[in-house]
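Heads up: the sequence lines are chains X and H, in that order.
Residue 15 is where the first sequence starts when you use the numbering used here, and the numbers rise one by one after that.
Residue 15 is where the second sequence starts when you use the numbering used here, and the numbers rise one by one after that.
Ideal Cβ positions, reconstructed from N, Cα and C, are used throughout, including at glycine.
Shown next, in structure tokens, is the structure this report addresses.
There are 2 protein chains.
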Amino acid sequence: MLKLRPMALGSNPKLADVARAAGVSLATASRALAQPDLVRAKTCERVRDAVNMLGYVPHGAARALATRRSKTIGAVFPPLDNPIFAKATHALSRELSQAGYTLLLATHDYDPGAELLATRALIERGVDGLVLVGMDHDPGLYRLLERASLPYEITWSLDHGGYHHCVGVSHRLASVHVAQHLLDLGHREFAVIAGETAHNDRARDRLAGAREALASRGIGLPSSRVREAPFAVAAGKAALAGLLADAPGFTAVICGNDPLAIGALLECRARGITVPDQLSIAGFDDVDLAAELTPGLTTVRVPSAEIGARAGKRLLARLAGKRVRRMEEIKAPLIVRGTTGPAPA
Amino acid sequence: MLKLRPMALGSNPKLADVARAAGVSLATASRALAQPDLVRAKTCERVRDAVNMLGYVPHGAARALATRRSKTIGAVFPPLDNPIFAKATHALSRELSQAGYTLLLATHDYDPGAELLATRALIERGVDGLVLVGMDHDPGLYRLLERASLPYEITWSLDHGGYHHCVGVSHRLASVHVAQHLLDLGHREFAVIAGETAHNDRARDRLAGAREALASRGIGLPSSRVREAPFAVAAGKAALAGLLADAPGFTAVICGNDPLAIGALLECRARGITVPDQLSIAGFDDVDLAAELTPGLTTVRVPSAEIGARAGKRLLARLAGKRVRRMEEIKAPLIVRGTTGPAPA
DNA sequence: ATCGCAAATGAAAACGTTTGCAGTAGCTTT
DNA sequence: AAAGCTACTGCAAACGTTTTCATTTGCGAT
Numbered sequence: 015m016l017k018l019r020p021m022a023l024g025s026n027p028k029l030a031d032v033a034r035a036a037g038v039s040l041a042t043a044s045r046a047l048a049q050p051d052l053v054r055a056k057t058c059e060r061v062r063d064a065v066n067m068l069g070y071v072p073h074g075a076a077r078a079l080a081t082r083r084s085k086t087i088g089a090v091f092p093p094l095d096n097p098i099f100a101k102a103t104h105a106l107s108r109e110l111s112q113a114g115y116t117l118l119l120a121t122h123d124y125d126p127g128a129e130l131l132a133t134r135a136l137i138e139r140g141v142d143g144l145v146l147v148g149m150d151h152d153p154g155l156y157r158l159l160e161r162a163s164l165p166y167e168i169t170w171s172l173d174h175g176g177y178h179h180c181v182g183v184s185h186r187l188a189s190v191h192v193a194q195h196l197l198d199l200g201h202r203e204f205a206v207i208a209g210e211t212a213h214n215d216r217a218r219d220r221l222a223g224a225r226e227a228l229a230s231r232g233i234g235l236p237s238s239r240v241r242e243a244p245f246a247v248a249a250g251k252a253a254l255a256g257l258l259a260d261a262p263g264f265t266a267v268i269c270g271n272d273p274l275a276i277g278a279l280l281e282c283r284a285r286g287i288t289v290p291d292q293l294s295i296a297g298f299d300d301v302d303l304a305a306e307l308t309p310g311l312t313t314v315r316v317p318s319a320e321i322g323a324r325a326g327k328r329l330l331a332r333l334a335g336k337r338v339r340r341m342e343e344i345k346a347p348l349i350v351r352g353t354t355g356p357a358p359a
Numbered sequence: 015m016l017k018l019r020p021m022a023l024g025s026n027p028k029l030a031d032v033a034r035a036a037g038v039s040l041a042t043a044s045r046a047l048a049q050p051d052l053v054r055a056k057t058c059e060r061v062r063d064a065v066n067m068l069g070y071v072p073h074g075a076a077r078a079l080a081t082r083r084s085k086t087i088g089a090v091f092p093p094l095d096n097p098i099f100a101k102a103t104h105a106l107s108r109e110l111s112q113a114g115y116t117l118l119l120a121t122h123d124y125d126p127g128a129e130l131l132a133t134r135a136l137i138e139r140g141v142d143g144l145v146l147v148g149m150d151h152d153p154g155l156y157r158l159l160e161r162a163s164l165p166y167e168i169t170w171s172l173d174h175g176g177y178h179h180c181v182g183v184s185h186r187l188a189s190v191h192v193a194q195h196l197l198d199l200g201h202r203e204f205a206v207i208a209g210e211t212a213h214n215d216r217a218r219d220r221l222a223g224a225r226e227a228l229a230s231r232g233i234g235l236p237s238s239r240v241r242e243a244p245f246a247v248a249a250g251k252a253a254l255a256g257l258l259a260d261a262p263g264f265t266a267v268i269c270g271n272d273p274l275a276i277g278a279l280l281e282c283r284a285r286g287i288t289v290p291d292q293l294s295i296a297g298f299d300d301v302d303l304a305a306e307l308t309p310g311l312t313t314v315r316v317p318s319a320e321i322g323a324r325a326g327k328r329l330l331a332r333l334a335g336k337r338v339r340r341m342e343e344i345k346a347p348l349i350v351r352g353t354t355g356p357a358p359a
């Protein structure tokens, strides 16, 4: 007995090595690990001992090849610097790992071409399902999904066409509520700092909702009073500065998301503009910080962690063969805090 | 010719189908895609046409099985709600996808047991390399890595033992600089809001650095003046409130990270304590928001995106057979802004 | 034309699992 | 103690690639 370790030194032990060590066949070893109720308890234990002794780690690719399941879910997300996506990713990852799945993540800086490529890469990696953000995608992406006949979930947005599985909120409606709240406070002169609307249906819907609510009370929104800004506090500051310079006279600013609103708020503070006495500011998303500021930021609560978790649950349910509602709408309530107040006289 | 599509309807086309459609052998089809210079240009094109026509997508698991490479890198990260990790993840993902690699992400809420499990799951999925955060891990994790003989990179922390490959900053040293800066401003009564130090070597090093710098000038830090708080703005607010209640009299607060510092700052604002006149506050990390506040937050710049990107580059280089320095230290300079000032008389 | 060589192709053996089917134990029952 | 049944176990064939090695093809030089 010169060789204590039967397998090559460099390579990892495989199931065959485990089987040999346990004195059973390959098939039995496999079953002992995957379906222990099919194999005698004693045998089972021998196999488990062998596994521990050899430090055997299953070879996922081989398993995936044989079972045609990778136990992996792909997610294609915008940059995670946006805390809402970070939260959703975390919640999703959590949900999946509880069920023995792992998250394969791709991020893409809002570029549809890159998104398509990333999605392709995920599909090649053999993901069992996909989580996407929003409805705005390269048409090739939908074709790809179709061909691969992969289950997927659209998050954040709702597909009122009823075709895609989705879990999200009505950005338009929530935005209407924001505008109405400000109208009810007596505001008549508005400005909007929107997120970038290209390739982003959420940003477009939010802008559209605000426009619509104002229009329905006969209030227009000149283009000089609307600015698009990339998602970031700094951009919010700059946008407000620009609005004040080019088209002053508004008493309320509706922002496309919280970081923009926080930027606007900080710009006001830096300039000595009092909020909400001289200017009301509303955000969207309800990031953690929104509640901590003084005054607290009036905003719309979009439960991003819940969206991530629900998307995970739904996908897992579908993979388990259960049926789920095609569309799951999550309520996004208006949270009134201190940054909105009556219009100045 | 009744059947136009030779493969089963439900299943995806495989390389064999492509080969048949192109009228070449399996081997040639494989080469045409992977090493086009080995096959005649005309043949190559026929294969590519067949690929497009059939919508062929390679089966990653099969490829991984054959090549023993998955083109996938695993990352085991704490929650991404912390923007520093979100940034690093994004930068890492970017770096990898440029090289045709994909990121397999696991997150773990600072629980070493969960971290170990997650890492195992990643290894089973066949990652070619791993990115870890910090040095504090279950010993089983290091054993696992050893056995799998997987290349990995430790991020954020530095292994002065010279054993692990790592890219990070000296938290201790940077923290010393923070304390010295405050000492130089004349402060003598300090409080510290530290991150949770259990399972977190960065938080420990930062606390130790502050302690050490104060001690070297003969200043003690009673335990009533030290509080640990989970990473979050709200926890920072609460911690400062607690310190003010239990052990008032300090003129400077050193915080374990920026969110805690921002929380402390907001608590001051809510209580009418002026910063820095009555109280100086310093953070750590330099998150985006730190520069946007007024006054700006004095903090230490830890380039998290760069850490993520460097970790990716290093791992890719090693996978390509190149040698890299075992330890890569990134400078973490003190950024003095408005929240620190002379000690009140 | 023929030869020779390089370049292009093909056949078949991996890669490490799972799983249907067939066979062999081990019990229970008489 | 034999029979019958069930509960386990083993053999071998997938799964879809890549890659080695042998073979064929194409082409320029003789």
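The three-state reading of DSSP puts X/F298 in coil, since its state is none of H, G, I, E or B. In this chain, the alpha helix (DSSP H) harbouring H/V65 covers 55 to 68.
The closest CA to that of H/A188, considering only H/C58, H/D63, H/T312, H/K28, is found on H/T312. By the neighbour-count criterion, in which 16 or more other beta carbons inside 10 Å mark a residue as buried, H/L155 falls on the buried side. Proximity of X/T353 to chain H, defined by a Cβ-Cβ separation below 9 Å, is not satisfied. For H/P72, the chain X residues whose Cβ falls inside 9 Å of its Cβ are E138, in order along the chain. With respect to chain H, the C-beta atom of X/G277 has a partner C-beta closer than 9 Å. Put simply, the backbone Cα of X/A35 is about 21 Å away from that of H/R157. Comparing alpha carbon positions, the residue from X/G182, X/H151, X/R340, X/L254 closest to X/I321 is X/G182. With the criterion set as a beta carbon lying under 9 Å from some beta carbon of chain H, the members of the segment 93 to 114 of chain X are P93, L94, D95, N96, P97, F99, A100, K101, T103, H104, S107, R108, S111, G114, in sequence order. Across the segment 285 to 316 of chain X, CB contacts with chain H closer than 7 Å involve D302, L303, E306, L307, T308, in sequence order along the chain. The Cβ atoms of H/A113 and H/H122 do not sit closer than 9 Å to each other.
Excluding its 5 nearest sequence neighbours in each direction, H/D272 has C-beta neighbours in its own chain below 8 Å: G297, F298, D299, D300, V301, L303, A304, L311, T313, listed in chain order. Here X/R315 has D300, A346, P347, I349 as same chain residues with Cβ atoms under 7 Å from its own Cβ, once five neighbours each way along the sequence are excluded. One Cα belongs to X/I207, the other to H/V247, and the distance between them is close to 25 Å. The beta carbon of H/D123 falls within 9 Å of a beta carbon belonging to chain X, placing the residue at that interface.
Against chain H, a Cβ distance below 9 Å from X/N26 picks out R161, A162, S163.
Close partners of X/T86 in chain H (Cβ separation under 9 Å): L118, R139. Beyond the five residues adjoining it in sequence on each side, H/R83 comes within less than 7 Å, by CB distance, of D142 in the same chain, given in chain order. Beta-bridge partners of H/F204 (DSSP): H/A266. Not one beta carbon of chain X lies nearer than 9 Å to the beta carbon of H/V61. Residues of the same chain with a CB within less than 6 Å of the CB of H/A253, apart from the 5 flanking positions on each side, are I207, R241, A243 in chain order.
Using beta-carbon distances, H/K345 does not count as an interface residue toward chain X, since no partner is under 9 Å. Looking at the backbone, the Cα of H/G256 and that of H/G223 are separated by about 23 Å. For X/K251, the closest Cβ of chain H is nearer than 9 Å. The three-state secondary structure of X/R231, taken from DSSP, is coil. Put simply, of H/E203, H/F204, H/R218 the residue whose alpha carbon is nearest the alpha carbon of H/E210 is H/R218. Chain X has a Cβ within less than 9 Å of the Cβ of H/A76. The beta-carbon of X/L254 is placed no less than 9 Å from the nearest beta-carbon of chain H. Around the Cβ of X/T81, a 10 Å sphere holds fewer than 16 other Cβ atoms; the residue is exposed. The beta carbon of X/R283 falls within 9 Å of a beta carbon belonging to chain H, placing the residue at that interface. Bridge partners of X/I287 according to DSSP: none are assigned. The beta carbon of H/R241 sits no closer than 9 Å to any beta carbon of chain X. For H/G69, the nearest beta carbon of chain X is closer than 9 Å to its own beta carbon. The continuous stretches of beta strand (DSSP E) do not include X/L106, which lies in the alpha helix (DSSP H) extending over residues 97 to 112. With its beta carbon less than 9 Å from one in chain H, X/L158 belongs to the interface.
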